[in-house]
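Here the structure is laid out as structure tokens; the discussion comes afterwards.
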Ligand code: DLZ
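Residue numbers (this note's numbering): 2 to 161.
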């Protein structure tokens with residue numbers, strides 16, 4: 002996660018494996034769409050900058066972050082992709098809902114990672130405030146979508 006010491010968009014392009022010929026699925030949540038669209042677009046841009054063709058990137062939206070589990074699961078089981086990136090944004094409110102969603106998504110995506118043979122990348126931003134989410138979706142601390150794309154490229158190169 003982004004810290005004051007780590008910008009999510011900073012990576013050394015010479016150390017990133019090419020994504021040429023790779024197929025990537027991106028599932029993103031519509032909840033907090035100002036944030037998730039920026040994350041999604043950052044991921045797409047970084048994948049393309051590193052060799053993934055536009056036609057080889059499939060995007061699908063789900064209503065909220067909790068549905069990322071089902072969306073990512075469907076993409077993984079389709080057998081069409083070399084990696085799946087799940088993108089969402091959960092902002093802490095006044096009820097425990099935040100914790101249930103974060104725990105559910107984390108557990109669900111973790112389960113996919115140990116069950117199937119392609120990497121599922123955790124692109125869920127979990128913050129206390131909208132400002133913190135903005136800082137991590139193209140603001141002061143970079144864009145977690147970029148980080149997810151780089152992570153997907155590294156995982157595909159390493160294990161597929
Ligand atoms: C219900 C809910 C709440 C309170 N907050 C968020 C949020 O901050 N981010 C998000 O992506 N989704 C939220 N949701 C919606 C749930 O993820 C889910 O869509 C609903 O509970 C229906 O299953």
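Even glycine gets a Cβ: it sits at the ideal position worked out from N, Cα and C.
Since the model is a prediction, treat every value here as computed from it, not as a measurement.
Using a Cβ distance threshold of 8 Å, determine whether the stretch 113-127 contacts the stretch 12-19, with at least three qualifying pairs required.
Short answer: they don't touch.
Going along the chain, which residues of its own chain have a beta-carbon closer than 6 Å to the beta-carbon of residue 51, five neighbours each way excluded?
By 1-based counting over the chain shown, the position of residue 51 is 50. Cβ within range, chain order: 17, 20 and 154.
If you draw a straight line from the C-alpha of residue 98 to the C-alpha of residue 72, how long is it?
Mapped onto the chain shown, residue 98 falls at position 97. Mapped onto the chain shown, residue 72 falls at position 71. Going from the Cα of residue 98 to the Cα of residue 72 covers about 20 Å.
Name the DSSP bridge partner or partners of residue 1?
It is not possible to answer for residue 1, since the shown part of the chain is limited to 2 through 161.
Taking the DSSP output, what are the residues bridged to residue 105?
Counting from one through the chain shown, the residue named residue 105 turns up at place 104. Residue 105 pairs with nothing; no bridge assigned.
Would you tell me roughly how many angstroms separate the C-alpha atoms of residue 151 and residue 129, rounded to the nearest one?
For the purposes of this step, residue 151 is taken as the residue at position 150 of the chain shown. For the purposes of this step, residue 129 is taken as the residue at position 128 of the chain shown. Residue 151 and residue 129: Cα-Cα distance of roughly 25 Å.
State the beta-bridge partners of residue 84 as determined by DSSP.
Counting from 1 along the chain shown, the entry for residue 84 is found at position 83. Per DSSP, 25.
Taking the C-alpha atoms as reference points, what is the distance between residue 112 and residue 60?
Counting from one through the chain shown, the residue named residue 112 turns up at place 111. Counting from one through the chain shown, the residue named residue 60 turns up at place 59. Their Cα atoms are separated by approximately 21 Å.
Could you give the distance in angstroms between the alpha-carbon of residue 64 and the alpha-carbon of residue 75?
Position 63 of the chain shown, counted from the first residue, corresponds to residue 64. Position 74 of the chain shown, counted from the first residue, corresponds to residue 75. Looking at the two C-alpha atoms, the distance is approximately 15 Å.
Apart from the five residues just before and just after residue 147, which ones in its own chain have a Cβ nearer than 8 Å to its Cβ?
Position 146 of the chain shown, counted from the first residue, corresponds to residue 147. Excluding residues within five positions, the ones whose Cβ falls inside 8 Å are 9, 10, 12, 43, 44, 46 and 47.
Within 7 Å: the Cβ of residue 90 and any heavy atom of ligand 1?
Residue 90 sits at position 89 when you count from the first residue of the chain shown. Yes, the beta carbon of residue 90 sits closer than 7 Å to at least one heavy atom of ligand 1.
Mind reading off the beta-carbon distance from residue 131 to residue 102? Whole number of angstroms is fine, and I expect it under 8 Å.
Taking the first residue of the chain shown as 1, we reach residue 131 at position 130. Taking the first residue of the chain shown as 1, we reach residue 102 at position 101. Incorrect: roughly 16 Å between the Cβ atoms, too far for contact.
Ligand 1 heavy atoms versus the CB of residue 73: any closer than 7 Å?
The residue given as residue 73 occupies position 72 in the chain shown. Checking every heavy atom of ligand 1 against the Cβ of residue 73, none is found closer than 7 Å.
Rounded to a whole number of angstroms, what is the C-alpha to C-alpha distance between residue 108 and residue 67?
Your numbering for residue 108 matches position 107 in the chain shown. Your numbering for residue 67 matches position 66 in the chain shown. Approximately 11 Å, taken between the alpha carbons.
In terms of residues, what are the limits of the beta strand (DSSP E) holding residue 146?
For the purposes of this step, residue 146 is taken as the residue at position 145 of the chain shown. Residue 146 -> not in any beta strand (DSSP E); alpha helix (DSSP H) instead, spanning 145-160.
Locate the alpha helix (DSSP H) running through residue 45, then write down its first and last residues.
For the purposes of this step, residue 45 is taken as residue 44 along the chain shown, with counting starting at 1. Its alpha helix (DSSP H) spans residues 34-50.
Within a Cβ cutoff of 6 Å, which residues of the same chain sit near residue 7, ignoring the five residues on either side of it in sequence?
Counted from its first residue, the chain shown places residue 7 at position 6. The answer is none, since no qualifying residue turns up.
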